[in-house]
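Below is one structure, written out as structure tokens; the observations come after it.
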Amino acid sequence: MSLASAEMISSIWQILIALFLGVAIGVERSVAHKTAGMRTYGLLSMGSCLFILISKFILPAGGGYADPERIAAGVIMGVGFLCGGVIMVKDQHLSGLTTAAGLWVAAGVGMAVGFNLIPLAIYTTFVTLFAFTVLWILEQYVVGKIENVHMLEKSQIDE
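Okay, structure coming up:
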């Protein structure tokens, strides 16, 4: 097996890993009935990985014009544009910000896989799921406590 074909097989696995990690993040978003779900997160992570892999393959053959860091910066900017479309303001209420942040992280996970930083990508996926689930529960608890205090204060003022 030649070096090129070994790298290609490795790249195929990296794309599948990026897809799987993105889907893992997207499952939570689907369960939470958010606008972006498993397919969106999976495709974003996989696409980010693909762009990094392409840059790594082009670099040796292209005379140095395909800088992986510049391609990574382009991916980040493109994902930022995509995320901007997820964020909405309606009646002074901001929505989609957490989903946009999650998409941004999913792109980072895909890029980490593309740069073969797979343990970092896996760890980041777990931390992201922690933020989406455990921190959401904590946030709901804290907001509930604060609302109870405000209701108590309002009832004392009304008396």
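To convert, take the position in the sequence shown, counting from 1, and add 3; that gives our numbering.
The beta carbon of each residue, even a glycine, is placed where N, CA and C say it ideally should be.
Just so we're clear, the structure is a prediction, and the values are computed from it rather than from any experiment.
Self-check item: Within 8 Å, strictly: CB atoms of W107 and V78
Solution: no
Quiz prompt | For V92, the residue or residues it bridges with in DSSP | solution = L97
Self-check item: Close Cβ partners of G105 (< 8 Å) along its chain, the five nearest in sequence each way excluded
Solution: I28, R32, A39, Y44, T131 and F135
Exercise. Return the chain-ordered list of same chain residues with a C-beta closer than 8 Å to the C-beta of L97, the five sequence neighbours on each side being excluded.
Key: I90 and M91
Quiz item: When you compare each of L141, F129, E72 and A75 to G25 by their alpha carbons, which one comes out closest?
Solution: F129
Exercise. Check N119 in the structure and name its three-state DSSP category.
Key: coil
Quiz item: Where does K37 sit, in a helix, a strand or coil, going by DSSP?
Solution: coil
Practice problem: Answer yes if the region 11-24 comes into contact with the region 109-129, meaning at least three C-beta pairs across the two stretches below 8 Å, and no otherwise. | Solution: yes
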